[in-house]
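Heads up: the structure comes next, in structure tokens.
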Ligand code: SF4
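In the numbering used here, the protein residues as written are 407 to 709.
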């Protein structure tokens, strides 16, 4: 199977879940505190104004065809494990596309408006191709995930929250934990994996603080080009991530108190849904609402 291993350790297949469910209680009932997910942390690192428009102003963004396909493929892979081992086949995955798509459309009828120019057939064919690639990377019949789409939330010592959703958690009979994330895009070039690993280390940090054990492996499954990226985390690097995320949150709070979220241009601006509002491109963002800042960050602009 194609793959790149960032550390010399093979993943452990988990025929039986062995995780203590109490240790990963998602606490979905608990009120949401100001805080960060890996995606929002990446937003701020990419562009403070983008972070503001998404997190504070909460401006809607039309889903892109690629993002919608990613949602569909994630949902199909999640649902595939409802079937018993032995029945998790490429055909079974393909059969799930239509009903899962119908659920997505029922939840948001605008979904049908964003299909590729190639039309529905081409869009579904691309989703099927991603699922076929999945079967070249893993045999889901040899896996019994302990968790799928697991929400994880951790209140930090500073009283703010780190949170995220783990695509899949495998636990081996010996207790070894593997954190798995599906990507429908292509893998990063050799030497450029650190940004991709940031999200996984973030999850590893959350899980290690919640369970008192560093996960044994982080695995990114790139369906765009059929690559597995694996990494064995350790406590030292998780401590680095913890300090880095805390410093990032401090920087965000500082921006909130100053009421300043400056645009930071990059090639990624070509994909920004808020470009028309961006001063770097001649636009004007909406006035900053102090109440919205407080709701999102727990601090108010000082002037
Ligand atoms: S267009 Fe670029 S600089 Fe402007 S908000 Fe979007 S990401 Fe930031």
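The beta carbon of each residue, even a glycine, is placed where N, CA and C say it ideally should be.
- Selection 650, 462, 691 and 550 evaluated against residue 487 yields 550 as nearest (Cα-Cα).
- Its chain contains 696, 699 and 700 as the residues whose beta carbon lies nearer than 7 Å to that of residue 706, once the 5 sequence neighbours on both sides are disregarded; these appear in chain order.
- DSSP places residue 697 outside any beta strand (DSSP E); the residue lies instead in the alpha helix (DSSP H), whose first and last residues are 696-703.
- When DSSP states are grouped into helix, strand and coil, residue 452 belongs to the helix group.
- By the Cβ neighbour-count rule, residue 459 is buried, with 16 or more other Cβ atoms within 10 Å of its own.
- Boundaries around residue 559 are those of the beta strand (DSSP E), 553-561, since no alpha helix (DSSP H) includes it.
- Between the region 561-573 and the region 506-525 there are fewer than three C-beta pairs closer than 8 Å, too few to call the two in contact.
- Around the C-beta of residue 493, fewer than 16 other C-beta atoms lie within 10 Å, and the residue is accordingly described as exposed.
- Residue 528 carries a helical assignment under DSSP once its states are collapsed to helix, strand and coil.
- For residue 575, the enclosing beta strand (DSSP E) stretches over residues 567-577.
- With 7 Å as the limit between CB and the heavy atoms of ligand 1, the residues that fall short of it are 452, 453, 455, 456, 459, 669, 670, 671, 672, 674, 675, 678, 680, 681, 684, 686 and 687.
- In this structure, residue 602 sits near residue 626, with a CB-CB distance shorter than 9 Å.
- Contact between residue 687 and residue 651 does not hold, since the beta-carbon distance rounds to 30 Å and is not under 8 Å.
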